[in-house]
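Residue numbers 1 to 352, in full-length UniProt numbering, belong to the letters of the sequence shown in order. For each residue, glycine too, the CB sits at the ideal point set by N, CA and C.
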Amino acid sequence: MFKRILGNVTPLTRKGTLPNFYSLFVTRRFLSKKFKPIAFYSIAPLTENRVLTLRNVLEKDLSSLGVVGRIYIAPEQGVGGINCQMAVPVDKVDSVKEFFDGFKNDFGTIEYTQGMQDTSLPNFDKLRVLVKKNLVSIRQHVTTQDLAVQPHHLTPEDWHKQLSQQKDEVFLLDMRNQYEYNVGHFDHAIKMDVDTFREGIHLLDQLVADKSKQKDIFMYCTGGIRCSVAGSYLRKKGYENVKMLKGGINAYGHYIKESTNTSLFKGKNFTFDGRRGEAITNHVLTQCYHCGSSCDHITNCVNTRCHLLFVQCEACKSKMKHTCSNHCHNVLEGKEEYQLDYDYHRQVAKAW
Ligand SMILES: [Zn+2]
Ligand SMILES: [Zn+2]
């Protein structure tokens, strides 16, 4: 049996949380520069000592290149390697790539995914290099060694081709959280009705229970790392044809931009940073949780004990003072004690 381990990463809904003054702060600090959002991950067997060395080197050298972002590194006893989301000054992109070329022994050949647009506001306020037990939060005990058998990594082009052929017959899993799915997803994708990856991987067993070991199982996430873990988990259980989108929706967005094909992904690619998403198509798939108007803008509830990510229109955002509920609003005003343990469905009661 898998040993249950404590999650070392807080639920993803609480990630990318930003204080209210974020824009103002960032605007003043970074006004004149242009940044490129860049991400990559590598599942790699790093020793604990190496992880500590890397943390210090990355922190020092990337800071001196003006990079901001969030970098996780983890040792091989868990889901080990590196997961890197950065905003890099445009004139430093080549230097940053050269810098990472020096770590081939640790991370292999790095395949980057880039944001769709450069931005004058970086998507992070500073650089954080954090040591984790696992690169992604997972309930089961998985070592880096366990992830050696990977799902088949399909290029966006092959992914598009195979999905187009299978049409609505496709068995396609969206390995992200429900609020990410809600604002944008691939046609015919199955929604994991969960708030964290920890819960999602648990659901996998149920979803594939009636499938033959030869069944084509397609899966995708934002940048690929969640599928590298979940897909490998299924491969280990004997499912032979597990296929993941290489580079995730990030890479697919770029492919579609360059291609004449119609996007099979509709809506917004949710991102865990100050942007909270990039439009792949102009479809708006969600409604404001308060008034029901068509909207795909994600608000991060400013009650620091809540920090819920949810869809809210500008008018309601202003009316509710950037909170998700009357309760959080009252907590902020000092009228109530915060009482709700985090529960997305209980907390956001739809008024419409
Ligand atoms: Zn509204
Ligand atoms: Zn709230």
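Secondary structure of R198 (DSSP, three-state): helix. Contact between the region 60-67 and the region 92-107 is established, with three or more Cβ pairs separated by less than 8 Å.
Taking all protein chains shown into account, S120 has fewer than 16 neighbouring C-beta atoms within 10 Å of its C-beta and is therefore exposed. Across the structure, Y179 and F40 are spaced so that their CA atoms are roughly 23 Å apart. For V311, there is no enclosing alpha helix (DSSP H); the residue is found in the beta strand (DSSP E) stretching over 309-311. If you draw a straight line from the Cα of K215 to the Cα of K335, it comes to about 55 Å. If you draw a 10 Å sphere on the C-beta of K246, you find 16 or more other C-beta atoms in it, and that means buried. In this structure, T144 and A230 do not form a Cβ contact; the two beta carbons are roughly 15 Å apart against a cut-off of 8 Å.
Assigned with DSSP and collapsed to three states, H322 falls in coil, not helix or strand. Residue state for P122 is assigned as coil, using DSSP reduced to three classes.
Between K236 and the set L147, N134, H290, the nearest pair of CA atoms involves L147. In the same chain as N83, and ignoring 5 residues on each side of it, the C-beta atoms closer than 6 Å to its own belong to Y41, Y72, L135, I225, in chain order. At least 8 Å separates the beta-carbon of V183 from that of I256. In the three-state DSSP reduction, T299 falls in the strand class (E or B). Collapsing the DSSP output to three states places T271 in coil.
At a threshold of 7 Å, C288 does not count as near ligand 2, since its beta carbon sits no closer than that to any of the ligand's heavy atoms. Along the region 158-197, the beta strand (DSSP E) occurs as fully enclosed runs of 3 or more residues at 172-174, 184-186, 189-191, listed in sequence order.
Annotation: the continuous beta strand (DSSP E) that includes V129 extends over 127-131. Chain-ordered, the residues whose CB falls short of 6 Å from any heavy atom of ligand 2 come out as C301, N303, C306, L308, T323, C324, S325, C328.
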